[in-house]
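Protein chains: 4
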Amino acid sequence: MTKIKVGVLGATGSVGQRFVQLLDGHPWFELESLFASERSAGKKYRDVSKWFLPSEMPAEAAEMVVQSLNDVDTSENEDIAIMFSALPGSVASEVEKRCAQAGYCVASNVSVHRMEPDVPLIIPEINADHLALIEVQKEKRGWDGFIITNPNCSTIVMALSLKPLMRYGIKEVRVSTMQAVSGAGYAGVPSMAILDNVIPFIESEEDKMESEPLKILGTVEKEGSGIKNAAFNVCASCHRVPVMDGHTEAIWVKFKEGVTEEEAKKAFKDFTTDIKTPFAPEKPIILREEQDRPQPRLDRDAGRGMSVSVGRVRAGRMENEVKYIAQGHNTVRGAAGASILNAEVLVARKYV
Amino acid sequence: MTKIKVGVLGATGSVGQRFVQLLDGHPWFELESLFASERSAGKKYRDVSKWFLPSEMPAEAAEMVVQSLNDVDTSENEDIAIMFSALPGSVASEVEKRCAQAGYCVASNVSVHRMEPDVPLIIPEINADHLALIEVQKEKRGWDGFIITNPNCSTIVMALSLKPLMRYGIKEVRVSTMQAVSGAGYAGVPSMAILDNVIPFIESEEDKMESEPLKILGTVEKEGSGIKNAAFNVCASCHRVPVMDGHTEAIWVKFKEGVTEEEAKKAFKDFTTDIKTPFAPEKPIILREEQDRPQPRLDRDAGRGMSVSVGRVRAGRMENEVKYIAQGHNTVRGAAGASILNAEVLVARKYV
Amino acid sequence: MTKIKVGVLGATGSVGQRFVQLLDGHPWFELESLFASERSAGKKYRDVSKWFLPSEMPAEAAEMVVQSLNDVDTSENEDIAIMFSALPGSVASEVEKRCAQAGYCVASNVSVHRMEPDVPLIIPEINADHLALIEVQKEKRGWDGFIITNPNCSTIVMALSLKPLMRYGIKEVRVSTMQAVSGAGYAGVPSMAILDNVIPFIESEEDKMESEPLKILGTVEKEGSGIKNAAFNVCASCHRVPVMDGHTEAIWVKFKEGVTEEEAKKAFKDFTTDIKTPFAPEKPIILREEQDRPQPRLDRDAGRGMSVSVGRVRAGRMENEVKYIAQGHNTVRGAAGASILNAEVLVARKYV
Amino acid sequence: MTKIKVGVLGATGSVGQRFVQLLDGHPWFELESLFASERSAGKKYRDVSKWFLPSEMPAEAAEMVVQSLNDVDTSENEDIAIMFSALPGSVASEVEKRCAQAGYCVASNVSVHRMEPDVPLIIPEINADHLALIEVQKEKRGWDGFIITNPNCSTIVMALSLKPLMRYGIKEVRVSTMQAVSGAGYAGVPSMAILDNVIPFIESEEDKMESEPLKILGTVEKEGSGIKNAAFNVCASCHRVPVMDGHTEAIWVKFKEGVTEEEAKKAFKDFTTDIKTPFAPEKPIILREEQDRPQPRLDRDAGRGMSVSVGRVRAGRMENEVKYIAQGHNTVRGAAGASILNAEVLVARKYV
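Chains as they are written, first to last, in the working numbering: chain A, 8 to 359; chain B, 8 to 359; chain C, 8 to 359; chain D, 8 to 359.
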C-alpha cells in the first residue's frame, strides 16, 4: 500500500508537535510537509520548533524545511491529500478554507468551524455517520476538498463516556473538569500561575463543553442536510490544575428514569466500536474498578493515549442520577490523535 | 482580663501544629499543655514535632514537655478550661469523652462525634444558636464538661457559601472539590501519589460533605432536644490536587424557584455576621468579581485564613440553578481556626 | 517626618509588583507614581497589572494612573526623589540614565549598569562604603542624580553568606543553584517547561554569579575612583526547579588555610550589621542547625523575606574546604526588597 | 533458549515494582516468584502491591501468590537461579546472605553489602572485570551462590559520566544533585514536604556518592583479592526536588592537567561499550548539545531509561576544571534496571 501524503498546518506549537510525533511511523500516512507562520518559513523544523515532548524529535521531520502557510496551495504540495490543522484560531479559518477549496481534506483540531451546520464534528466511535455532511458541505460551498473537525479536548473525554449511557435516556449532565496545562499550549499557562494552585477558569471552555457534545451525540437529519442535536443540557465548570497531561472530569448524569450503578458500569464495560483503524484503541472506554482511579498520571497513556478511562461509578444522592470520573489524554485522544483517527476513518470509508 | 488556659490534644500532627501556631499570642487563650501519644510524652515539643509550617515554632510551645493523653484529666491540668482536639480518629472518641466527663470544654476538629444528635456542629456565622445543645448534652450524659465540634474542612467552605443562598430556597446542591494535600495530614499524601496528578478519591469525604451541611444549616427543634436537618440533598465528588493549602470547590445550587446571577451575588455580598471575636473574619465571605478567582494560592490567606472566597457566580444551563466557585483555607478556616473560633464564641456567650 | 516621594519604573511586571507591595505602608517612602510602557500609560494600575501576589493589591496603587516611561522626567514628577527600577533590560539603560540626568536617585534592580566602574553595586550589610562611588559617578557623568544598583537575586544570597567567611581567606567558590520560577518574571517559565522537571540553564545567570560577588566583596580604591575586586574565583552552575519563591544554593568554599566546620558556623552566627533601617533584617544571616534546613518553603520569609538562611555547614572531603546551603527570597531580599534597603541606606547616609 | 527463572525479594515496594515491570517480557529471564514480608505472604501480588507505575501491572505477576522471605530457600524455589533484591535495609543483609548460601546468584540493589571487599559493585560498562571478585567471595564465605551489587542511583549517573573522563587524570570531583522523589520509595517523601520546595538533605546519600564511585572506578588488584580504589576525592551535596523520576547532577571535575571543553565532549561522545545484552543501552552516555539539556522530564527515558544524558559541558573558571550536567533515570538505570543489566552480564559471562 502506498502511503497517503499528509501535511501539518501550525506544526511548531504544542499540538503541532504532537501531530509530528504521532505521524512518525504511521502505517498509512507519510508526513510530507510542515507549515507554519512566515517567521519559521524557510528554516529547518529542528531550528524553529522548541521540542518539549519526552521522545526525540523524529529525525525526518527535524530536517524538513518548514513552509509558509501562504504556500499551502502551491503546486509543490499537490501530492498531499490530508492537511492536519493545529493552527491558532486567528488564522485557522482563512487557511483551512483555502485548503479545502484547493482540494485537500482538512482534518482540523481547531474550534473555529466545529459548530457550522455542514461541518462534521466527529468522534468516530460515536458518530462516524456524521461524515455524510461532507457531501453537503462540498456541494454547498463548491469546494473540491472539505473540512472535518474533532471536538475540544475536554469535550471528547466527556462525550465518549456519555455515549454508552445514551441508551438510558439522558436528561441533564453536569461536569467539573481538572484540566492539564498542556491543553493551553506551550506558553499558555505560566508556572507562576499554576504551581501550588488551581485556576478555576479556562477561556471559552465551558461554552464548548456545553454545546459540542449535543452536536456529536445528535443524529443526521433525514435529508442529510444537518445534525439534530441531542436533547439534553450540559452545564460545565472548568478548572486548570498542576498536571502536565490528562484531563480529569467529575460527571453527574441525570436520567429520565432510574439507572443503577451496575447498569451504568455495564454500559461502560459493554461499549464496543467497529472502528478498527490504526489509531483506534482496542477499548475506547476502560472501566476501572479501583476506588481511586482513574488518575491522569497513571491512566492518560492507556490505549496508547487513545482510551478514555472511567471510574468511581456510583449512584448519587439525587433521583435518577449517576456520578463518575472520566479521564483522557488531552493532546493525544483530545487533540492530535483525535484528528488522525478521524483521517483514518475518512480513508477507511473512502472519503479520501 | 486573665487569659483562659487551653490545651491541645494531638499536638504533634498537622492540625495540632496549626493549633499551636494559631494560639500563639491569642488575646484570650493561653496555651498551657500539649498532649500526644505515649511515644512523645515526657519530651519537649520541639523534639517530637517535626515542624512544617513556614513560620517558626512558637518559642514557648517549643520548650513545653508533651504530656501523655492518659494524663489529660490529672489534677495537674485542672486549670485548663478548653481542650482543642486534633486527635486521630482511633483514639479521639475515648479521650474526648474522658475530657468532657472531667469537666473540660472540648472544641474538637475530629469527625467522630459530629453527627451525634446532642453534639453541636458549629460554624458560628451560621448556627451559633445550635450551642443550645450543650445543656441537653450535659444533662443527658451527666458530664461536667461537654463536646462541641466543627465540620470537615471541605464542608465548612461549602456550608458558609450556602448560608446566604438559603433565603432563596435551596433544592439540590452538587459539589466537586479540588482539595489541598495538607487536609490529609503530614504523611497523608505521598509525593509519588500526587505530583503531576489528581487523585479522584478521599476516604469518607463525600459522606461528610453530604451529611454535615444539612445539620449545620438545620434548625434547633422546639424543645431544644435536637436539630432538624435542612431539607435538601447534597451530592459530592471529592478530589485531591497538587496544592499545599486551600480547598477549591465547584458548586451547583438548584433553587426551588428562579434565582438570577445578580441575586446570588448580592446574597454573597450582603452576608454579614454578628460574630465579633478575635478569630472571626471581618467578612466571612469575600465575593471576587475577576473572571479567574478565587484561587487557592492567592485567596487562601484572605481574612487571615478565616474568610471563604467566592467567585465565578453565574447562571448555569439548568433551570433555577446557579453555579460558582468557593475557596477556603482548609487547615485554618477548615480545621484549627474553626475550632478556635468556636471556642471564642463559647467564651463570648458564657458557656466557658 | 515627611515621607520621601518615590516612583517605580516598570511597575506592572513581577518585580514591579513586589515594589508596589513592599512600598505599601513604608515608614519613610511614599509611592507617588508608577511608570510602564506606552501600552499601559493612562490607565489605572488595577487595570493593567495582573496581580499575582497572595496579598491584595494595595488600594492606593490600584487607583493610580500609570504614566509612560517617556514622561518620567516631566515637571509633574519633580517631587519624586527616588526612582526604583524594575525595567526590562532592553529599555533600562536609556530610561535610568535619563532619570539620573534629571536629578533622581535611581535604585535599580536591573543588571545593565551593575558592573560599570562608577556605579555602586550594593548589599548594605557588606559594602555600604561603596556608596562613595556616587560622587565619582555624578562628577564623571555630569548628572544631578545618580544610579545605584543591587546584585542579581542569586548573587545576593551567596554574597551575603560569603561575607563572614572572608576573614578566613577565600580561595575558590563553587555554587550550584536551585532557583525559583519567580526569578524569571510572570511569564518567564511556562508550566509545561518546569512541572515535574529541572531546567539546568538560566540565561546569563552564571556570568552574573561569577562576576558580581567579586565587585561587592571588593574594596574601594584609595582615590575612591573605583573598586578593587576580591581576589578569588567563583564558578557557578545554575538551575531552575519547580519552586515559586526562594533560591537554594549549594556552596563550596575553599580557603587559603584550614577552616573547621565550627569556625565557619561561628562566623555565620557572629555576623552582625550596623544597618538599622526599616527593611534591614535583625539577622542578615540565620544559621539553621537542623539537618534538613534551610528549605525555600519554610525559610524564604524569614526576617520578612530579608534574611538569608544558612545550614548544613560541614567540612567537605577536599582540603581547606567547607560546604553549606544558603537560601533567600529571590524577589524580596533578591530584588525589590534589596533596592528598597539600598534606598533606605542612601537616606540614612544623607545621599538623598 | 530456555529462560532463566528469577525471583524478586521485596517485590511490593517502589523498586520491587520496577523489577516486576522491567522483567515482564524479558527475553532471557522468567519471573518465577515474588517475595515480601510475612504480612503480604500468601496473598496475590495484585492484592498486596498498590501499583503506582503508569503501565498496567503485568497480568502474570498480578496473579502470583507472594511468598514469605522466610521461604526463599525452600525446595519449591530451587528452580530459581537469580534473586533480585529490593529489600529494605533492615532485613536485606540476612536474607541476601541466606540466598547466597542457598546457592542463588543475588543481584542486589541494596546498599548493605556494596562496600564489602569481596562483593562486586558493578556498572557493567565500567567495571565488568570486577566480577572476578565472585570467585574470591564464594571461596572466602563458603557459599554456593554469591552476591553482586549495583551502586546507589545517584552514584550510577555520576560514575558513568566520570568513566570517559578518567583518561585525562581526575583529581577532584564535586557534585550537587537534584534528585527525584521516587528515589525515596513510595511513601518516602510526603507531598507536604516537597511541593513548592527543595529539601537539601538525603540520609546517607552524600556518603554513598563519595565512596562508591572510587570502588567502581578502581582496579582489580593483582591477586584478584580486592579492588584498589580510584585515587581522587568526591565531595557531594545532595538535594531533593519536586520531580517524579530522574536525578539531575551538576558536576565539577578537576583534572591533573588542562582539559578543554572540546576534549571533554569528545570523551563523552566517543564512549562505547562492549556490553551487548538486552538491557544495555546502545549509548550508555548521550551527549546533548542544546544549551538547556539534559532535563529529567525530557531525558530520563532515553535508551529506555538506561542511558545517562550529559550536557552543558563547559570549562569552568577554575584551573584544569570542567563542569557539566548529568541526568539519569533513578529507578531504571539507577536501581532495578541496573540490577537486571548486571544479571544479564553474569549470564553472558557464564557466572550463572
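A virtual CB, placed ideally from N, CA and C, is assigned to each residue, including glycine.
Strand pairing of residue i, partner residues [DSSP]
{"i": "CYS242/A", "result": "ARG181/A"}
{"i": "VAL113/C", "result": "MET90/C and ILE154/C"}
{"i": "TRP259/C", "result": "ARG181/C and LYS330/C"}
{"i": "GLU37/D", "result": "LYS12/D"}
{"i": "VAL188/C", "result": "None; VAL188/C has no bridge partner."}
{"i": "THR226/B", "result": "LYS235/B"}
{"i": "GLY335/D", "result": "HIS254/D"}
{"i": "PHE42/B", "result": "LEU16/B and GLN74/B"}
Three-way DSSP call (helix, strand, coil) for residue i in this model
{"i": "PRO171/D", "result": "helix"}
{"i": "SER92/D", "result": "strand"}
{"i": "TYR52/A", "result": "helix"}
{"i": "LYS235/D", "result": "strand"}
{"i": "ARG247/A", "result": "strand"}
{"i": "HIS254/C", "result": "strand"}
{"i": "GLN74/D", "result": "strand"}
{"i": "ALA345/B", "result": "helix"}
{"i": "PRO285/D", "result": "coil"}
{"i": "ARG319/B", "result": "strand"}
{"i": "ALA194/C", "result": "coil"}
{"i": "PHE26/A", "result": "helix"}
{"i": "LEU221/B", "result": "helix"}
Alpha-carbon to alpha-carbon, residue j and residue i
{"i": "ASP388/B", "j": "GLY195/B", "result": "Within the shown structure, residues of chain B are numbered from 8 to 359, placing residue 388/B beyond reach of any answer."}
{"i": "LEU202/C", "j": "MET71/A", "result": "30 Å"}
{"i": "VAL227/D", "j": "SER211/D", "result": "26 Å"}
{"i": "PHE233/B", "j": "ARG324/A", "result": "For clarity, residue 233/B is Gly in the given sequence; the question names Phe instead. Looking at the two C-alpha atoms, the distance is approximately 24 Å."}
{"i": "ALA48/C", "j": "VAL102/C", "result": "15 Å"}
{"i": "ILE141/C", "j": "VAL113/C", "result": "11 Å"}
{"i": "MET251/B", "j": "ASP54/B", "result": "24 Å"}
{"i": "ALA237/D", "j": "PHE286/A", "result": "53 Å"}
{"i": "MET173/D", "j": "ASP31/A", "result": "39 Å"}
{"i": "CYS242/A", "j": "TYR331/B", "result": "12 Å"}
{"i": "GLU230/B", "j": "ILE163/A", "result": "55 Å"}
{"i": "ALA274/B", "j": "GLU268/B", "result": "10 Å"}
{"i": "GLY7/B", "j": "SER314/B", "result": "No answer is possible for residue 7/B: the residues shown for chain B start at 8 and end at 359."}
Residue i vs residue j beta-carbon contact at 8 Å
{"i": "ASN349/C", "j": "GLY253/C", "result": "no"}
{"i": "ILE11/D", "j": "PHE36/D", "result": "yes"}
{"i": "ASN159/A", "j": "GLU85/A", "result": "no"}
{"i": "ASP308/A", "j": "PRO61/D", "result": "yes"}
{"i": "LYS263/D", "j": "LYS170/D", "result": "no"}
{"i": "MET216/D", "j": "MET165/D", "result": "yes"}
heavy atom of the ligand HEM below 7 Å from residue i C-beta
{"i": "PRO249/A", "result": "Looking for the ligand HEM in the displayed structure turns up nothing, as the structure carries no ligands at all."}
Relative to chain A, which residues along the segment 301 to 313 of chain D have a C-beta separation below 7 Å, given in chain order? Hits within the stretch, in order: ARG304, LEU305 and ASP308.
May I ask you to list, following chain order, the residues of the segment 227 to 249 of chain B that have a beta carbon less than 7 Å from some beta carbon of chain A? Within the segment 227 to 249 of chain B, the residues whose Cβ lies closer than 7 Å to any Cβ of chain A are, in chain order, ASN240, VAL241, CYS242, SER244, HIS246, VAL248 and PRO249.
Could you list the residues in the segment 180 to 208 of chain D with a C-beta less than 7 Å from some C-beta on chain C, going in chain order? Per Cβ criterion, the list reads ARG181, SER183, MET185, ASP203, ASN204, VAL205, ILE206, PRO207 and PHE208.
Got a sec: which bits of the segment 58 to 83 of chain B sit with their beta carbon under 7 Å from any beta carbon on chain D, in order along the chain? Under the 7 Å Cβ criterion, the segment 58 to 83 of chain B contributes PHE59.
Residues of the segment 143 to 167 of chain B with a CB closer than 9 Å to any CB of chain A: list them in chain order, please. Hits within the stretch: zero.
Residues of the segment 318 to 329 of chain C with Cβ closer than 8 Å to any Cβ of chain D, in chain order: When CB distances to chain D are screened at a threshold of 8 Å, the residues of the segment 318 to 329 of chain C falling below it are GLY318, ARG319, GLY323, ARG324, MET325 and GLU328, in chain order.
When Cβ atoms are compared, which residues of the segment 93 to 114 of chain C fall closer than 7 Å to chain D? So nothing in the stretch comes that close.
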